[in-house]
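One gets my numbering by counting positions in the sequence shown from 1 and adding 14 to each.
Beta carbons: idealized from backbone N, C-alpha and C, even for Gly.
These numbers come from a predicted model, not from an experiment.
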Amino acid sequence: MMRHMTLETEWVEYVPEVLQPGVLYVSRRFSTASHLCCCGCGLEVVTPLNAAKWRLIERDGTVSLQPSIGNWGFPCQSHYWIERGRVRWAGALTKKQINSVQARDRHDALAVRPARASPVAGLKAKLLNTWTAVIAWLRK
Ligand SMILES: [Zn+2]
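Following this line, the structure appears as structure tokens:
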């Protein structure tokens with residue numbers, strides 16, 4: 015399998031049924047983006063673009079997605095950032111690392127007060143969601 019290092023952006027109204035590898039399809043109309051997992055496994059990654067999910071940042075004709083793409087539900091468990099049309103790979107997490115992040119998240123969850131809706135708290139909540147998905151996956 016070949017890892018992709020770049021992603022071209024294609025602005026579409028509807029995301030096509032068959033995706034081409036190395037292309038990030040963005041539909042403004044439906045506030046969503048899709049691409050094939052950059053590891054080359056061929057699975058489709060859907061990233062809804064809204065405040066609770068991903069943010070699309072356009073700059074000088076390039077596109078970034080925040081936060082990172084963590085395909086924990088896929089066999090490949092790829093984890094990468096899409097930054098200005100480039101794919102920046104994060105190292106695969108070992109089970110030990112996942113456990114330690116989970117422990118940190120539990121700590122953070124206690125530290126985040128709902129009354130203080132700061133951007134940082136929002137980010138932590140997002141991370142927590144991600145890790146909750148990891149925990150669910152690990153327990154399968
Ligand atoms: Zn993959």
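Whether residue i touches residue j by CB criterion (9 Å)
i	j	result
threonine 76	glycine 56	no
valine 40	leucine 50	no
threonine 144	proline 89	no
leucine 63	threonine 46	yes
arginine 17	tryptophan 103	yes
lysine 109	leucine 152	yes
Member of the options whose CA lies at the smallest distance from the CA of residue i
i	options	result
leucine 79	Glu97, Lys110, Asn85 and Ala66	Glu97
phenylalanine 44	Val32, Trp25 and Lys110	Trp25
isoleucine 83	Lys109, Gln111 and Cys53	Cys53
glutamate 31	Met19, Ser48 and Arg42	Ser48
aspartate 74	Thr23, Pro35 and Trp95	Thr23
glutamate 58	Leu33, Ala65 and Gly105	Leu33
methionine 19	Ala65, Val148 and Val101	Val101
alanine 147	Glu27, Asn85, Gly105 and Lys109	Asn85
Exposed unless 16 or more other CB atoms sit within 10 angstroms - verdict on residue i
i	result
glycine 87	exposed
tryptophan 68	buried
asparagine 71	According to the sequence as given, residue 71 is isoleucine; it is not asparagine. Exposed, because fewer than 16 other Cβ atoms sit within 10 Å of the Cβ of isoleucine 71.
valine 60	exposed
alanine 150	exposed
tyrosine 94	buried
alanine 66	exposed
With a cut-off of 6 Å, give the chain-ordered residues whose Cβ is closer than this to any heavy atom of ligand 1.
Cys51, Cys53, Cys55, Leu57, Asn85, Phe88, Cys90 and Ser92
In chain order, which beta strand (DSSP E) runs of at least 3 residues are fully inside the region 44–68?
46–50 and 58–62
In chain order, what are the residue ranges of uninterrupted beta strand (DSSP E) at least 3 long that sit wholly in the region 72–108?
76–84, 93–97 and 100–103
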